[in-house]
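Under full-length UniProt numbering, the first residue of the sequence shown is numbered 1, with each subsequent residue one higher. Backbone N, C-alpha and C fix where the C-beta goes; we use that ideal spot for every residue, glycine too. Since we're looking at a predicted model, the values are computed, not measured. Take a look at the structure below.
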Amino acid sequence: MRKKIAALLLASVCAFSLVGCQKSDQPTLYVYNWGEYIDPDVIDLFEDETGIKVEYNEFVQNEDMYPVIQTGSVKYDVVCPSDYMIQKMIQEDMLAEINYENVPNISNIDSLYLKSAEEFDPGNKYSVPYCWGTVGILYNKTMINTKIDSWDALFDKDFIEANGYSGDILMIDSVRDALGIALTYLGYPINSADEAQLEEAKQLLQEQFPMVDAYVVDQVRDKMIGGDNPIGVIYSGEAIFTQRENADLEYVVPKEGSNVWIDGWVIPKNAQNKEYAEKWINFMCDPEIALKNFEYITYSTPNAAARDLIEDADIKNSTIAFPEASVLERCSTYQYLGEDMDALYLQKWNEVKSN
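Encoded structure:
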C-alpha cells in the first residue's frame with residue numbers, strides 16, 4: 001500500500017489530538033489531503049527547508065473532507081479538494097484568497113490547467129492545481145478477451161455474462177463518479193440536475209449491483225494488480241501504477257465520455273497559518289518537487305517545468321498520464337450543483353448501496 005499503514009497510524013494519532021502532536025513553540029502546518037497522494041519524502045524536505053513541522057492527515061473523498069472544514073472541528077491550514085468541491089467552498093465563503101506574492105512558483109503551472117481551473121475558480125483566486133486526470137476502466141486482458149471501449153462493460157448484463165465476470169466488477173465508491181458514469185452512459189450530462197435523469201441513473205446502478213464484487217477507491221489498485229478481479233473503475237494515476245506492476249492491465253476512457261478532474265491546494269478561511277500554507281503551495285509548485293510527487297503517486301502533474309524533467313520517455317509520452325486532445329474533448333469537469341442537488345445525489349447513491 002505504499003506506506004499507507006504508516007500514514008494512517010500518523011493520521012489516527014494526530015486526529016485524536018492535533019495540538020498534542022507537536023511542541024507548542026514549534027511552527028506547525030496542518031495539511032489535509034487525499035490518501036496516498038504525496039511522496040512522504042516531500043513532507044520531510046519541506047520541514048527541512050522551512051523549519052515548519054507538518055501535521056498531515058488524509059481523507060477518502062471530498063464529501064468526507066467537507067464537513068471537517070465547514071464545522072472547523074479541526075482547523076487545517078491547507079487542503080486539497082477537487083474542482084466541484086472547490087467551487088462549492090468558494091460559493092460558501094469558506095476559502096481565503098491566495099497571496100501569489102508568496103507563491104512565485106505558480107509560473108511553473110501550465111496555463112492550460114490554470115485556464116481549466118477558472119471554470120470552478122474564476123481568476124484562480126483561491127486554488128492552485130496540484131494533480132489532474134481522468135476516470136476510466138481498468139481491465140485484465142488475460143481475464144477478459146474482448147477489447148473494451150465502452151461503459152457497456154460495467155452495465156450490459158449480456159456482455160458481462162458472456163465474458164464471465166458477473167459478480168466480479170469493482171465499482172467506484174464515490175457519489176459523483178458513480179452517478180456521473182451512469183449519467184454519461186445513458187447519454188445525459190455528467191452534471192445533470194434533472195431529477196428524472198438522476199432517478200434513471202440510480203436505477204441503472206441498482207441493476208448493476210448484483211454484478212458488483214465491491215465498491216472501492218484505493219483498493220482497486222491492489223486487487224487488479226493481484227488478479228483478484230478482472231475489471232474495475234479507476235483514476236488514471238492509479239492506472240499508471242497498476243500497469244507498472246502488471247503488464248496485463250489495460251486502461252481506457254470509454255467512448256461515451258467521462259470525467260476529467262483537477263485537484264488543487266486551497267487555504268480555509270479559518271486557517272491559523274496562512275503564510276505557512278502559501279509556503280507549502282509554493283513548495284509543491286517547485287519543478288523538482290512536482291516531479292518527485294508525480295513519480296511516486298503517478299497522477300498527472302499540471303507543472304509544465306516538471307514534465308520537461310521526466311526522463312522516462314514511456315511516461316513522458318504516456319497517453320494515460322497525458323491523454324490526447326480527442327480524449328479530453330469527450331470528458332467533462334464536475335461542477336457544484338447546489339446544496340439541494342448535493343443532497344439528492346447523496347440520497348440516490350445511498351439508495352444504490354442499500355439495494
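Assuming residue i and residue j make a contact with CB atoms under 8 Å, what is their CB distance in whole Å?
i	j	result
Ala290	Ala306	4 Å
Asp263	Cys131	5 Å
Leu205	Val352	4 Å
Val128	Trp265	5 Å
Asp248	Lys157	Going by Cβ atoms, the distance from Asp248 to Lys157 rounds to 25 Å, so no, they are not a contact pair.
Put residue i into one of helix, strand or coil per three-state DSSP.
i	result
Ser354	coil
Val260	strand
Glu63	helix
Val327	helix
Tyr32	strand
Trp349	helix
Tyr336	coil
Pro287	helix
Gly136	strand
Pro40	helix
Asp342	helix
Tyr276	helix
Ile144	coil
Tyr130	strand
Asn303	strand
Ile267	coil
Gly232	strand
Glu295	helix
Glu250	strand
Gln243	helix
Asp152	helix
Quick one: Cα of residue i to Cα of residue j, how far?
i	j	result
Glu250	Met85	30 Å
Glu119	Leu170	31 Å
Ile90	Tyr126	8 Å
Ile190	Lys279	35 Å
Pro104	Asp93	25 Å
Leu179	Ile109	31 Å
Gln22	Thr28	Note on Gln22: pLDDT 46, under 50, position unreliable in the model; no value is reported.
Leu183	Ala201	6 Å
Lys53	Pro254	43 Å
Lys115	Asn303	13 Å
Cys80	Asp64	12 Å
Leu337	Gly237	26 Å
Asn350	Arg176	12 Å
Tyr181	Asp44	Note that residue 181 is Ile in the sequence shown here, rather than Tyr. Roughly 38 Å separates the two Cα atoms.
Glu288	Asn273	25 Å
Ile5	Ile281	Its pLDDT being 32, under 50, Ile5 is placed unreliably in this model, and the value from its coordinates should be taken loosely. The straight-line gap from Cα to Cα measures roughly 25 Å.
Glu311	Glu207	46 Å
Lys348	Met341	10 Å
Residue i: which of the options sits nearest, CA to CA?
i	options	result
Arg244	Glu207, Asn259, Ser258, Ile315	Ile315
Thr319	Gly136, Thr146, Ser174, Gly180	Gly136
Tyr235	Ala182, Thr298, Asn282	Thr298
Cys331	Pro27, Ser258, Lys269, Tyr130	Ser258
Glu47	Arg221, Gln335, Gln26, Trp34	Gln26
Thr71	Pro268, Ala313, Pro323, Asn273	Pro268
Asn33	Thr146, Ser192, Val78	Val78
Leu138	Arg221, Ser107, Asn145, Ala193	Arg221
Ser326	Ala153, Asn99, Val260, Cys285	Val260
Any C-beta of chain D sitting closer than 8 Å to the C-beta of residue i?
i	result
Phe209	Among the chains of the structure shown, chain D does not appear; only one protein chain is present.
* Asked: In chain order, which alpha helix (DSSP H) runs of at least 4 residues are fully inside the stretch 47–111?
  -> As far as the stretch 47–111 is concerned, its whole alpha helix (DSSP H) runs of at least 4 residues are 62–71, 83–91.
* Please specify which runs of the alpha helix (DSSP H), each continuous and at least 4 residues long, are wholly inside the stretch 157–219, giving them in chain order. => With a minimum length of 4 residues, the unbroken runs of alpha helix (DSSP H) contained wholly in the stretch 157–219 fall at 157–162, 175–185, 195–208.
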